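> Before anything else, here's the structure in question.
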Amino acid sequence: MKNKTFKFLTCIAISFALLFSITAPALAATLSDILYRVEPKIVRINNDDSLKSYLSEAHKGSLNVSKMVKLTYYKTYSENIDITDLSMAVEILGHVYPDKIAKYLPLGLGDKILVHTSVIDIGERSIDSNRWVWDSIAAVIPSSKLLMRSAIQYDVEEQLDDIILSASLENKNLKLNKDIMRKVLMDINNGTVDPIFLNLK
């Protein structure tokens, strides 16, 4: 009797293991599962389980989403939306994982972003009053790899000045917030920045 019970339980365990191994990958979202729409000067991305699943599985997921959405925008309007890939990627992460970004935001805005939104509205500066927030965080990220590898410790203010100069050479109309940038930069220098942002580079 014990032998039959053992065989029966073994068969059930193997069946569940096989069933889970076959269905688990099918549950992971792909880039094509992400729902979004483009409108003049704005893109709207559904902040749903498909987006969260894709971001949790895909390396540089929010950057991939950004590039896909921007390509659709270009195909639709025959022009690029005036938002960098990195700024859009940071905004996506900020809305999906608000707890990871709220500490960098000015008082009030940090609390506001902690409220879940079902659609992420990402607009150009002319219609998105918070574009400067995402641009400010995105401006610091490319330099983080260099800063983390550097044996020389630069003054935070000098680092900020270099980052702002570099960003303004690329885009003269960029509006950046030095306080936000300083917080992100200090976390990078201290090794306390969330790795989700460092994976964007």
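Mapping of the sequence shown onto mature numbering (1 follows the signal peptide of the UniProt record, and there is no 0): residues -28 to -1, 1 to 173, in sequence order. Glycine included, C-beta positions come from ideal geometry on N, C-alpha and C. Small disclaimer: the values here were computed from a predicted structure and weren't measured.
Let's test the definition: count the other Cβ atoms within 10 Å of the Cβ of K42 and tell me whether it reaches 16, buried, or not, exposed.
Here the question's residue 42 lines up with position 70 in the sequence shown. Buried is the call here.
> I'd like to confirm the pairing. Which residues does DSSP put opposite V10 in its beta bridges?
Against the sequence shown, residue 10 aligns to sequence position 38. The partner list for V10 (beta bridge, DSSP) reads V15.
> Over the uninterrupted beta strand (DSSP E) stretch that includes G95, give me the two end residues.
Within the sequence shown, the letter at position 123 stands for residue 95. Note, G95: beta strand (DSSP E), V91 to G95.
> To the nearest angstrom, how far is it from the Cα of V87 to the Cα of W104?
In the sequence shown, the residue the question calls residue 87 occupies position 115. In the sequence shown, the residue the question calls residue 104 occupies position 132. Taking the straight line from one Cα to the other gives about 20 Å.
> Mind checking whether A139 and A111 have CB atoms under 9 Å apart?
Position 167 of the sequence shown, counted from the start, is the residue given in the question as residue 139. Position 139 of the sequence shown, counted from the start, is the residue given in the question as residue 111. Yes. Within cutoff.
> Per the contact definition of three or more C-beta pairs closer than 8 Å, is the segment 1 to 12 in contact with the segment 29 to 46?
At 8 Å Cβ cutoff, the stretches touch.
> Could you give the residue range of the alpha helix (DSSP H) that holds H67?
Residue numbering aside, residue 67 sits at position 95 when the sequence shown is read from its first letter. Where H67 is concerned, the enclosing alpha helix (DSSP H) stretches over D57 to V68.
> Beta-carbon separation of I109 and G80 under 9 Å?
Here residue 109 is taken as the residue at index 137 of the sequence shown, counted from 1. Here residue 80 is taken as the residue at index 108 of the sequence shown, counted from 1. No.
> At the level of alpha carbons, what is the spacing between I94 and W106?
Here residue 94 corresponds to residue number 122 of the sequence shown, with the count starting at 1. Here residue 106 corresponds to residue number 134 of the sequence shown, with the count starting at 1. Between I94 and W106, the C-alpha separation is close to 10 Å.
> Alpha carbon to alpha carbon, what distance is there between M158 and G33?
In the sequence shown, the residue the question calls residue 33 occupies position 61. In the sequence shown, the residue the question calls residue 158 occupies position 186. Looking at the two C-alpha atoms, the distance is approximately 25 Å.
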